[in-house]
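Novice: In full-length UniProt numbering, the protein residues as written are 1 to 223. Note that the Cβ used here is the ideal one computed from N, Cα and C, for glycine as well. Have a look at this one.
The following block contains the structure:
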């Protein structure tokens, strides 16, 4: 019997953190659903393609990356927020119009990763060119852990393990990046994203390890 099994304390702490982060994510998703619901219903009635919304949101992100790279930080933040709205709309419209599909989910996820890579690369370029290598490095860390956060969940689910845990998912990352850019606090926002992404990646790795150990330790014939 290991320490966590004897005391139960680390497991309880982990579960409590998961509940808190889950409550935060649920609240954020509820706000988005209430805000976007009427527009999603309208677009569904107009027969707008969810995939077209995914591509449109990605286009805003490409322009945001250009603005970040050229130092127009507040304008870039506004476009990140706008792109995030469309990123939420595509799924809402797909559900509303009953047009969910495997390809639509794949397209949305792939475009999200491209958007993140472009935006963070542009931020790294901007701060490096401005002679601020420390902030550029923090931006590179934020990009790394942002991509790892998504990869760890996708890889776990590819192995048949549920991985809907962690402090910071995409919606939270979009809000933090957009607001910090709009408020002139981008370096601070990047630090939060890098730290939150590292914590989320670690949470998911620990979660998958525990789930895989549970399968290994389960007696034969157990459910």
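Could you spell out where the alpha helix (DSSP H) holding residue 162 opens and where it closes?
Specialist: Stepping through the chain shown from its first residue, residue 162 is reached at position 162. Counting along the chain, residue 162 falls outside any alpha helix (DSSP H), and DSSP gives it neither H nor E.
Novice: According to DSSP, is residue 124 helix, strand or coil?
Specialist: Sequence index remark: in the chain shown, residue 124 carries index 124 (1-based). Residue state, collapsed to three classes: helix.
Novice: Leaving out five residues on either side along the sequence, give the residues of the same chain with a beta carbon under 8 Å from the beta carbon of residue 71.
Specialist: On the chain shown, position 71 is the one that residue 71 refers to. Contacts found: 126, 130.
Novice: Ignoring anything shorter than 4 residues, give me the alpha helix (DSSP H) runs that lie fully in the region 71 to 130, in order along the chain.
Specialist: Whole alpha helix (DSSP H) segments, 4+ residues: 73 to 96, 102 to 129.
Novice: Does DSSP classify residue 62 as helix, strand or coil?
Specialist: As a first step, residue 62 is located in the chain shown; it is residue number 62 there, counting from the start. Helix, per DSSP.
Novice: Leaving out the 5 sequence neighbours to the left and right, which residues in its chain are closer than 6 Å to residue 122 when beta-carbon positions are compared?
Specialist: Sequence index remark: in the chain shown, residue 122 carries index 122 (1-based). Cβ within range, chain order: 65, 68, 69.
Novice: Tell me whether residue 47 sits in a helix, a strand or coil according to DSSP, three-state version.
Specialist: Counting from one through the chain shown, the residue named residue 47 turns up at place 47. Look at residue 47 here: in three-state DSSP terms it is coil, with no helix or strand label.
Novice: Does the beta-carbon of residue 58 have 16 or more other beta-carbons within 10 angstroms, so that it is buried, or is it exposed?
Specialist: As a first step, residue 58 is located in the chain shown; it is residue number 58 there, counting from the start. Residue 58 comes out buried.
Novice: Please classify residue 119 as buried or exposed, where buried requires at least 16 neighbouring CB atoms within 10 angstroms.
Specialist: Walking along the chain shown from the start, residue 119 turns up at place 119. Residue 119 is buried by the Cβ-count criterion.
Novice: Applying the criterion that 16 or more other CB atoms from any shown protein chain within 10 Å of the CB defines a buried residue, is residue 178 buried or exposed?
Specialist: If you number the chain shown from 1, residue 178 lands on position 178. When all chains shown are included, residue 178 counts as buried.
Novice: By DSSP, does residue 179 sit in helix, in strand, or in coil?
Specialist: Reading the chain shown from its first residue, position 179 is the one you call residue 179. In the structure shown, residue 179 sits in a helix (DSSP, three-state: H, G or I).
Novice: Whether or not the region 154 to 172 and the region 98 to 106 are in contact is what I'm after, with contact meaning three or more pairs of Cβ atoms, one per stretch, closer than 8 Å; do they touch?
Specialist: Verdict: no, contact absent.
Novice: How many whole angstroms separate the CB atoms of residue 115 and residue 61, which I take to be in contact at a CB cut-off of 8 Å?
Specialist: As a first step, residue 115 must be located in the chain shown, where it is residue number 115. As a first step, residue 61 must be located in the chain shown, where it is residue number 61. With 8 Å as the limit, residue 115 and residue 61 qualify as a contact, their Cβ atoms being about 4 Å apart.
Novice: Contact between the region 169 to 178 and the region 70 to 89: three or more CB pairs below 8 Å?
Specialist: yes
Novice: Tell me the DSSP secondary structure of residue 211 in three-state form.
Specialist: For the purposes of this step, residue 211 is taken as the residue at position 211 of the chain shown. When DSSP states are grouped into helix, strand and coil, residue 211 belongs to the helix group.
Novice: Are the Cβ atoms of residue 53 and residue 112 separated by less than 7 Å?
Specialist: Translated into the one-based positions of the chain shown, residue 53 becomes position 53. Translated into the one-based positions of the chain shown, residue 112 becomes position 112. In this structure, residue 112 does not lie closer than 7 Å to residue 53 by Cβ.
Novice: For residue 167, name the three-state secondary structure that DSSP assigns.
Specialist: Position 167 of the chain shown, counting from 1, holds the residue named residue 167. In the structure shown, residue 167 sits in coil (DSSP, three-state: anything other than H, G, I, E or B).
Novice: Whose CA, out of 149, 148, 135, 140, lies closest to the CA of residue 187?
Specialist: Taking the chain shown and counting its residues from 1, the one referred to as residue 187 is at position 187. Comparing Cα positions, the closest option is 135.
Novice: Drop a sphere of 10 angstroms on the beta-carbon of residue 250, count the other beta-carbons inside from all chains shown, and report buried for 16 or more, exposed for fewer.
Specialist: Not covered by the structure: residue 250. The range shown for the chain is 1 to 223.
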